[in-house]
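Student:
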Amino acid sequence: MWSKFPDFQTRIRDAIVKRQALDRIMIGFNGTHRAKTSDHTVNMLLQDINISYRASVTARLSPRC
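Here the sequence shown is numbered in full-length UniProt numbering, starting from 1 and rising by one per residue.
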């Protein structure tokens, strides 16, 4: 499908970089915890990859409040 394009390598690189960026954003908003092995069928929003920005800040601020 992609190999018919003369700029195949550039297109595939751009697609991979875009997907990685979108995954990082998704983890940043939806992350709840860090699992040893991720299960994408159960955690489709990548919740088990890492803790989100909001959860991280909440965890750091809760002892102060």
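Glycine included, every Cβ here is placed at the ideal spot set by N, Cα and C.
Note that the coordinates shown come from a computational prediction; the quantities given were computed from them, not determined experimentally.
Expressed to the nearest angstrom, what Euclidean distance is found between the alpha-carbon atoms of residue 53 and residue 47?
Tutor: Cα-Cα distance, rounded: 12 Å.
Student: Output the boundary residues of the alpha helix (DSSP H) element that contains residue 18.
Tutor: Residue 18 -> alpha helix (DSSP H) spans 8-30.
Student: For the alpha helix (DSSP H) containing residue 62, name the first residue and the last one.
Tutor: Segment: none, residue 62 is in no alpha helix (DSSP H) and carries neither H nor E.
Student: Are residue 13 and residue 5 close, meaning C-beta to C-beta below 7 Å?
Tutor: No, these two residues do not count as a Cβ contact at 7 Å.
Student: Under three-state DSSP, which class holds residue 42?
Tutor: Coil at residue 42, not helix or strand.
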